Amino acid sequence: MTEKEEPQKFTIQINKDVLKFLDSLDKYKYEHLINKIFSLEDEPLPVGCAKLNVINGYRIKWSDYRILYKIDFQNRLVIIYKAGHRKEIYKKK
Numbered sequence: 015m016t017e018k019e020e021p022q023k024f025t026i027q028i029n030k031d032v033l034k035f036l037d038s039l040d041k042y043k044y045e046h047l048i049n050k051i052f053s054l055e056d057e058p059l060p061v062g063c064a065k066l067n068v069i070n071g072y073r074i075k076w077s078d079y080r081i082l083y084k085i086d087f088q089n090r091l092v093i094i095y096k097a098g099h100r101k102e103i104y105k106k107k
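Residues 15 to 107 in this note's numbering are what the sequence shown spells out, letter by letter.
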């Protein structure tokens with residue numbers, strides 16, 4: 015019998031502004047969003063993710079929050095570049 019190799023996980027890279035946003039949340043929201051983010055290690059294109067038209071990236075959501083990210087398939091890297099409430103996430107600074 016041959017053992018099946020586990021597929022190599024993606025590395026998660028989180029922007030410092032996203033980390034700041036996550037730290038501002040209460041424990042319940044923080045844990046849910048962190049779990050969503052780190053689930054991308056195994057499946058960077060989960061059911062329910064959406065491809066963004068304007069930016070070459072993707073969006074996942076939990077409750078009223080959105081996480082925006084890009085995928086580098088060649089280097090197996092998921093880059094979380096923005097996170098926030100759905101009413102604020104797409105506004106330009």
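For each residue, glycine too, the CB sits at the ideal point set by N, CA and C. As the structure is a prediction and not an experimental result, all values here were calculated from the model.
Fill in: Residues that DSSP places opposite residue 73 in a beta bridge
64, 82
Fill in: Coarse secondary structure for residue 54, derived from DSSP in three states
coil
Practice prompt. Determine, using beta-carbon pairs with one atom in the stretch 75-90 and one in the stretch 51-65, whether at least three such pairs fall under 8 Å.
Written response: yes
Discussion item. Can you tell me whether residue 33 is buried or exposed? The criterion is at least 16 other CB atoms within 10 Å of its CB, across all chains shown.
Written reply: exposed
Worksheet item: Any chance the stretch 26-41 sits against the stretch 90-100, with 3 or more Cβ pairs inside 8 Å?
Response: yes
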